[in-house]
Amino acid sequence: MSIFNREVTENRVSIRKIEETLPWLLSIPIAGLYALFLGLPLALLFLISMPAEEPLANYVAVFANPDYRNSLLLSLGISVFVTIVSVILALFMAYFIGRRDFPGKRLIVAIISFPVSLPGILVAWAIIVMLGRSGIITQLLVFLFGGSAAQYSNAFGIIGLLVGYTYFTLPRATMSLISSFENLNSDLEEAARSLGASKLSTFRHVILPEIAPGIGSAVVLSFSVCMAAFGTALLLASGEVPILPLKIYSVVLGTYDYAAASALAVVLTIITVGIIYGYTYFFGGEVYE
Amino acid sequence: MSRSFRSKLDTGLIAFYLVCVAILLFITLPILTILAYSVIGSFDGGLIPSFTLEHYAGVIEANSDPILLSLQVAVATTILTVAIGVPAAYTLVRYDFRFNSVIRELSILPMAIPGIVIGIGIVRVWGVPRLGIDLAGSTGLIILAHSLFTVPFVIQTTMSALESIDFRRLEESARSLGAGWAKTFFLVIVPHIYTGILSGAVLVFALSMGEFNITFFIYSSLNTTLPIALFGGFRTATVGEASALASLFIGIVLVSIVLIQTISDTGLRTSGGNI
């Protein structure tokens, strides 16, 4: 009897042990995936970028070589511009969705969230059918003002790039702002208005501080998406606008100079990862919900 | 309140609505244009263009291999990410251990690192046989790369689903009734969080179907996915054919958004993907 009891207890203990270790065992595959397909590749790029003879030469080149430096500055400039435009437009849209109740709201949300899961090269095609030579806006301008389609065609180059990036980041920025507006206490806004504050100053002093975290994540998300954009740019601006990802690609393809390309890739990674984690670390904000 | 003030207010409101309408037009017009171009026969002739499905027939026939491969890759990626992402999310939410918050932060890294960087890195490591495994140009490598890029979405949606239920109480009552870990997990926990898992899975499917930035560096001519074919098609095909190919994608995205909205009441809130 006592032996039987001990066996049962021992069995219980071993089952308990399996149950405690099972979740850990189940997490091994994902750890392997991250290690082999993210950690290892990144480590290798980092190693390639620092050859033994001159470990920092490639990084100095990123900032000293005008070709590379201009790509970096161009990418930063485009990303800042698109981020500002997207977040300002998103504020309007998110206020509309978050603060107003109207029939068909779900449809509006669905429309706004549509480009979020569109592939980047499809966004490029969307820009081409709008602004390209046979694009409908180009055709409309030709119809209205005469002239040739080539005159008005803007798809390939900096304008197409800016519109394409905005098309992609505006919905993201809107999605991160909607919940901020939904959680906003409407009493505050009404109180400020009834005390005589103008719409603008109510927004500036009452609404803005409340939705600041939402704006923060919208800014970080838009900026990092623009910095990292590749497929859209490859179709719209290859050879026209040498943004950093296109520069990395042309260095790899044209010169096989993997050391220089890796240094550029590491700098790009530090910028996007740095801004996302920096925002979480310093402001406690979540970029991805 | 003076009359002029009131009319000023109204102008502001009208301007506000105009901006919102303009944004909605900006989002929908390109999509509608692509759909229209995909069924329009030819421009010359009368004002009313002719309707045709020729473009669809043409591109589906010419791209049947990429379409099939992309569907297979997306299904495999979805299964793999759910199989490895859900247990990881459960471990992160359920157990309090050192570095838990660090690992949570690290889990979103594939979303934060540019696709081109991951793509070049993967091709440098796995473009040649390593550890006795030759993954170069294989479909398996594409599936693994897609899984890396999309698994954070499964982790995020599963974690928030887990955090929204009182899973400890559920677990305790299941345990006290004698259910083991596996039984508790699959029969008690999963039914409570399956909407989160499902919307994550649908998102993964759509993202895998559309992934370009990483795939571009690791595909071989024998393993061309639909976005890679799309990239070539946009450069060489006619406007109608390229639009038909693009419309197939719009259909896939549309179905997945409708699915996510039906499954979860919050709709699509996770932001991600890359361009």
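Residue numbers (our numbering), protein chains in the order written: chain P, 1 to 289; chain G, 1 to 275.
Cβ coordinates follow ideal geometry from the N, Cα and C atoms, glycine included.
Among 96(P), 137(P), 152(P), 118(P), whose alpha-carbon lies nearest the alpha-carbon of residue 181(P)?
96(P)
Compare the beta carbon distance of residue 78(P) and residue 212(G) with 8 Å and say whether it is the shorter of the two.
no
Can you find at least 3 beta carbon pairs, one from the region 217-228 of chain G and one from the region 132-147 of chain G, that sit closer than 8 Å?
In the pairwise beta carbon analysis, the region 217-228 of chain G is classified as touching the region 132-147 of chain G: at least three pairs are separated by under 8 Å.
Interface residues of the region 60-90 of chain P facing chain G [CB-CB below 7 Å]:
89
Residue 172(P) to residue 218(P) span [Cα, whole Å]
7 Å
Tell me, please, whether the CB atom of residue 186(G) is closer than 8 Å to any CB atom in chain P?
No, residue 186(G) does not count as interfacial toward chain P.
Skipping 5 residues on each side, what residues in its chain have a beta carbon closer than 7 Å to that of residue 240(P)?
156, 157
Three-state secondary structure (DSSP) at residue 156(P)?
Here residue 156(P) sits in coil by DSSP.
Can you confirm whether residue 180(P), when its beta carbon is compared against all beta carbons of chain G, has any partner nearer than 8 Å?
no
Would you mind telling me which residues of chain G sit closer than 7 Å to residue 104(P), beta carbon to beta carbon, in chain order?
Those within 7 Å of residue 104(P) in chain G number zero; the least Cβ separation is about 11 Å.
C-alpha distance - residue 246(G) paired with residue 111(G), whole-angstrom precision
One C-alpha to the other measures close to 24 Å.
So, residue 23(G) versus residue 175(P), is the Cβ gap smaller than 8 Å?
It is not a contact, given that the beta carbons lie outside the stated cut-off.
Endpoints, the alpha helix (DSSP H) within which residue 206(P) is located
Run containing residue 206(P): none; DSSP gives neither H nor E here.
Those residues which DSSP pairs with residue 217(G) across a bridge
Residue 217(G) is not bridged to any residue.
Close beta carbons around residue 153(P), own chain, < 8 Å, minus the five adjacent residues each side:
131, 132, 133, 135, 138
contact_flag[the region 59-79 of chain G, the region 199-215 of chain G] where n(CB pairs < 8 Å) is 3 or more:
yes
How would you write the range of the alpha helix (DSSP H) that residue 209(G) sits in, first residue to last?
Where residue 209(G) is concerned, the enclosing alpha helix (DSSP H) stretches over 190-210.
Residues that residue 237(P) contacts on chain G, provided the C-beta gap is smaller than 7 Å
Those within 7 Å of residue 237(P) in chain G number zero; the least Cβ separation is about 12 Å.
Among 271(P), 64(P), 265(P), 231(P), nearest to residue 44(P) - alpha-carbon criterion:
265(P)
Of all the CB atoms in chain P, is at least one closer than 8 Å to the CB of residue 230(G)?
With respect to chain P, the C-beta atom of residue 230(G) has a partner C-beta closer than 8 Å.
On the three-state DSSP scale, how would you describe residue 51(G)?
Here residue 51(G) sits in strand by DSSP.
Could you tell me the alpha carbon to alpha carbon distance between residue 242(G) and residue 236(G), rounded to whole angstroms?
9 Å
Of all the options 108(G), 100(G), 262(G), 188(G), which has the alpha carbon lying nearest to the alpha carbon of residue 166(G)?
188(G)
What ranges does the alpha helix (DSSP H) occupy inside the region 130-171 of chain G, keeping only unbroken runs of at least 4 residues that lie completely in it?
139-163
Determine the DSSP secondary structure at residue 248(P), reduced to helix, strand or coil.
helix
Nearest to residue 243(P) by alpha carbon, out of 68(P), 271(P), 117(P), 267(P)?
The shortest Cα separation from residue 243(P) among 68(P), 271(P), 117(P), 267(P) belongs to 68(P).
Assigned secondary structure, residue 113(G) (DSSP; H/G/I helix, E/B strand, else coil):
coil
In this structure, does DSSP put residue 23(G) in helix, strand or coil?
helix
So, under 8 Å CB-CB, residue 226(G) and residue 67(G) are touching, yes? Tell me the CB distance rounded to an integer number of Å.
Sure, about 6 Å apart at Cβ, within 8 Å.
So which of 26(P), 169(P), 233(P) has the shortest CA-CA distance to residue 92(G)?
26(P)
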